[in-house]
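One structure below.
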Amino acid sequence: MAEAPEQYKRPVQPGPKLKKDVVEKLLREKSNRVIITRVEDRKKRSECWKFFGFPKVDGVTYEDMAVCHKCFTIYKYSSSKGNAQLNKHVCPKDMLKRVKGQSTLDFLGKSKVGSSQSTSQVKLSKHDHQSLQINAINAAALDSSPLSRYEKEGMKIMFRTAARFGARYGENFDLAQHIVDRTNLTRNYLPKRHEDVRADILKSLNGDAFCTTTDLWKEKYTGKSYMSVTVHHIDTDWNNLSSFIWSTTEYNLEDHRAPSISKCYLENVPEAPFRLVTTDNTNTMPAAFRLLDSDDQIGCISHISSLVAKACVTSDEAAEVKLNVEAAKKLVEHVKRTDLQNFVCFKPLHDCGLELEKDKEPTLHRAHYWEAKLQAAFSVHEQDMTAIRKMKEVGRKALLTKLSSRLNVYHDVASALDPRVGEPTDEDSRRKICEKIENVHDRITGVDGDETRDDNDHSLLSDGEDSEEVSEIKSPHSEKEEESL
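Numbers 1 to 485, taken from full-length UniProt numbering, label the letters of the sequence shown in order.
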């Protein structure tokens, strides 16, 4: 049967209109059923329509939805309500569009760089505002992180995401429960995100010419060599200057000659008809890029200025300056390479700091121990040179004014209660320690000593039963603790 002429064909009836989340899912799945149309209406002159369009599903254009060309986020649109919601959109896949230094997240807004225009007109109540600030301080203290993290762009994007999800799923939505652990993020999400960003960067380059900066450097501890390539790009309108590290790869070639350098560079740089390369001014770098047809090399001016300064202070023609610089250089190298522990008297200071700065172990009872050890470390010996003698004298005076004078009764009692410290041998010392223990006990408990002790308490350490009573007062440790100690 012959096919009916075109003019007699019955028009295809469109199916039921799809919901926004269904259209968004089709876009993310890159379904053939849906495309994004370019808005060419003269009335829509806003800059946001360069990044948004209308979804067209099964041949039907949905003009009540506006979809981002990059991330496929869909907003409800009405010409009567304007473009305010579209202008506030922050596209996660179009990071290069954001103006550097802009104070708001609205990268399509009309605000100038450094303006104070906010992204929301919502005004918090005084109570909610104070609660937000206190929670920010508590969170920073809990994680031992700087308060400046709240000023970072990434943290602001996370806040906006949490607010959007909270509006969608309710106020009881907990974003932290849906973020997987860092190991899972690193293994399963980070590599894919890395590839997506590289693909977006390649797309933004659009086959244009661009500049690169490259250098070879050696890791200090492993001795491995690496080559890094940074890409700098600006569009044809001299807007959106972008700079990003494209690659940092291990340099596995055996030599650092020009052919090897050019080979490694070509393996780690995006394709382009022309590239301008900035390098340092060693002899191998210009030679390496003379071998390439698609790249021209220029020397780094900052590196050149350093070479000029070096020539000024190392030239034989400026002998006096050279002599002074060499002397200063040796002095700096000596100070940098000299470890404080090489001075025997400084090692106890180092060990004292390591022990007394522990935050999960009691250290009050060790103060007198370290005072005695430091005094011994700074004692003068016959073999000491004059300079060392003077230095030790300064150390002893510093110990007296900065340490010994600040030890109080709590240090005395803590040391006396330490099971590792033996009882004093003379009666006078034993009586003084007992008085200090009683004094501290009264301060802690708030009890008047005259009401709880009789006049014979000062002889507790004299003999027999009294000694047992003092041992009970003296040691707060349990029998098990004493056995373990």
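Just so you know, even glycine gets a beta-carbon here, dropped at the ideal spot from N, CA and C.
This structure is a prediction, so every number in the text was calculated from the model and none was measured.
Neighbourhood of F274 by C-beta distance below 7 Å, restricted to the same chain and skipping five residues each side: A209 and S294
Which residues mark the beginning and the end of the beta strand (DSSP E) in which D196 is found? Under the DSSP assignment, D196 falls outside any beta strand (DSSP E), being part of the alpha helix (DSSP H) whose first and last residues are L190 to L205.
Between which two residues does the alpha helix (DSSP H) containing L142 stretch? K126 to D143
Please state whether DSSP places G53 in a helix, a strand or coil. strand
According to DSSP, which residues form a beta bridge with M65? Per DSSP, K76.
Straight-line CA distance for I437 to G353? 27 Å
Beta-carbon proximity of H365 to L417, cut-off 8 Å: yes
What are the start and end residues of the alpha helix (DSSP H) that includes G82? From DSSP, G82 is part of no alpha helix (DSSP H); its letter is neither H nor E.
Local Cβ density within 10 Å of L331, reported as buried at 16 or more and exposed below that: It counts as exposed.
One question on the structure: do residue 503 and K224 come within less than 8 Å of each other, judged by their Cβ atoms? The structure shown does not extend to residue 503, since the chain is modelled only from 1 through 485, so no value can be given for it.
With distances taken from CA atoms, which of G59, F54 and C71 is nearest S78? The shortest C-alpha separation from S78 is found at F54.
Residues sharing a beta bridge with G170, DSSP: Beta-bridge pairing links G170 to no other residue.
May I have a chain-ordered list of the alpha helix (DSSP H) segments no shorter than 4 residues that lie completely inside the stretch 243 to 286? 258 to 267
Can you tell me whether F52 is buried or exposed, with buried defined as 16 or more other CB within 10 angstroms of its CB? A residue is called buried once 16 or more other Cβ atoms fall within 10 Å of its Cβ, and F52 is buried on that count.
Per DSSP, what kind of secondary structure is F378 in: helix, strand or coil? The answer is coil: DSSP assigns F378 none of H, G, I, E or B.
With 16 other Cβ atoms within 10 Å as the buried cut-off, status of A377: buried
If you compare alpha carbons, which of V409, D426, P424 and D428 is closest to D442? V409
Reference V421; option with closest CA among K392, V380, A367 and K390: A367
Checking contacts by CB at 8 Å: is H368 closer than that to chain B? In summary, chain B is missing from the structure at hand, where a single protein chain is found.
Rounded separation between E267 and F173 - CA only: Going by the C-alpha atoms only, they are around 46 Å apart.
Residue range of the unbroken beta strand (DSSP E) whose run includes K218: F210 to K218
How is the beta strand (DSSP E) around T314 delimited, first residue to last? No beta strand (DSSP E) contains T314, which is instead part of the alpha helix (DSSP H) from I301 to T314.
Opposite Q231 in the DSSP bridges: which residues? Contrary to the premise, residue 231 reads as Val rather than Gln in this sequence. V231 is bridged to T212 and F244.
Three-way DSSP call (helix, strand, coil) for D463 in this model: For D463, the predicted structure reports a pLDDT of 41, less than 50, and the residue's modelled location is therefore unreliable. A value from the coordinates is still provided. Reduced to three states, the DSSP call for D463 is coil.
Kindly list the residues whose CB is nearer than 8 Å to the CB of K20, restricted to its own chain and excluding five residues on each side of it in sequence; keep chain order. These residues qualify, in order along the chain: M65, I74 and K76.
With a CB to CB cut of under 6 Å and the five nearest residues on each side skipped, what residues in its chain are close to T363? If we look at T363 and ignore the five residues flanking it on each side, its Cβ neighbours are L356.
Identified DSSP bridge partners for V60: When DSSP reads this structure, V60 sits in a beta bridge with V57.
Express the C-alpha separation of Q133 and H127 in angstroms, rounding to a whole number. 10 Å
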